[in-house]
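Below you'll find the structure, written out as structure tokens, and then a few comments.
As structure tokens, this is what we get:
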């Protein structure tokens, strides 16, 4: 059964594809898969329905499978509408583009006209889609940009409806429809996919120290003690904060890069929060005076600073190079 679900998320079947953030190595939910919006043939729909049936069987038999899908997938299954925030979680670039044009200034208007924006939208699979027949041949006037932005947002909010609806139909053959509404998206995800324990020792083995740290400093000992005492959910938040992912590789050989703890050299360490560079898997850690202070500062950061991205700073690039 595990092999079947892994194949469902593989390229040959094309039912699911890596998230845009994963392909760009930027933003949140980089390690998840999303439904392929181009998989609309009768055979594909049957396969999505079959997946729904299998998910239902897994729930009924209390088995879990390695189905690593975006949060928006689980939201739709429990009857909650997808929001712009959910789109941002899988495609930060799309939201940044919208925000850039949402400000009516001269520079944005000039850029708009130079790009010859047409009535098309780039989907989550990077395919350009017409918003209506012939839309690719019509330039969008600057004065109509707000209406255009509403159109492309609406498209992206409904982009996976066909695929997820098919999964839901299959699931409904195994479980009463109202059953799923009893759960939050996160609860359903855990029921189906299980909890992924973050192996602190594995992370520690694949960590290097830079910026003046050697791994022998008291603050490094504090860090590992705090991380070990975190709940698994808090460890997942830490991984999202420092790497944009919620799971570790299975073994050391599968790490695409090392986890870096870099010294954040500030005059008053206890007054500063740690920072991250998710593209480089780097934590900038002040030299805190106690494990309690490190715990409080790190906990605040992982809960409240998920959208802070300092990847493009000189310090991040220098630490990544070593």
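Residue numbers (our numbering): 4 to 325. We treat Cβ as the ideally placed atom computed from N, Cα and C, and that holds for glycine.
When we look at the beta-carbon of residue i and count the other beta-carbons within 10 Å, is it buried (16 or more) or exposed?
i: residue 303; result: exposed
i: residue 280; result: buried
i: residue 95; result: buried
i: residue 270; result: exposed
i: residue 107; result: exposed
i: residue 99; result: exposed
i: residue 268; result: exposed
i: residue 110; result: exposed
i: residue 149; result: exposed
i: residue 2; result: Nothing can be reported for residue 2, as the shown portion of the chain is limited to 4 through 325.
i: residue 84; result: exposed
Return the chain-ordered list of same chain residues with a C-beta closer than 6 Å to the C-beta of residue i, the five sequence neighbours on each side being excluded.
i: residue 266; result: 214, 215, 216
i: residue 159; result: 90
i: residue 133; result: 123, 139
i: residue 101; result: 152
i: residue 88; result: none
i: residue 13; result: none
Looking only at its own chain, which residues have a Cβ that is under 8 Å from the Cβ of residue i, when we skip the five neighbours before and after it?
i: residue 8; result: 57, 68, 69, 70
i: residue 194; result: 62, 67, 186
i: residue 284; result: 245, 246, 260, 261, 262, 263
Give a yes or no on whether the C-beta atoms belonging to residue i and residue j are separated by under 8 Å.
i: residue 251; j: residue 305; result: no
i: residue 263; j: residue 286; result: yes
i: residue 191; j: residue 178; result: no
i: residue 41; j: residue 128; result: yes
i: residue 248; j: residue 277; result: no
i: residue 212; j: residue 218; result: yes
i: residue 288; j: residue 222; result: yes
i: residue 121; j: residue 143; result: yes
i: residue 145; j: residue 125; result: no
i: residue 82; j: residue 169; result: no
i: residue 220; j: residue 292; result: no
Just to check my reading of the structure: residue i and residue j have Cβ atoms closer than 8 Å, yes? What is that Cβ distance to the nearest angstrom?
i: residue 93; j: residue 32; result: 5 Å
i: residue 171; j: residue 80; result: 6 Å
i: residue 282; j: residue 39; result: Incorrect: roughly 25 Å between the Cβ atoms, too far for contact.
i: residue 36; j: residue 72; result: 6 Å
i: residue 176; j: residue 103; result: Actually they do not touch by this definition, with Cβ atoms about 45 Å apart.
i: residue 255; j: residue 209; result: 6 Å
i: residue 188; j: residue 78; result: 4 Å
Using C-beta distances below 7 Å, list every residue in its chain close to residue i, excluding the 5 sequence neighbours before and after it, in chain order.
i: residue 230; result: 203, 238, 241
i: residue 244; result: 279, 304, 305, 308, 309
i: residue 26; result: none
i: residue 294; result: 225, 228, 229
Query raised in the report: Counting Cβ pairs closer than 8 Å, one from the region 49 to 56 and one from the region 135 to 143, do we hit at least three?
Result: no
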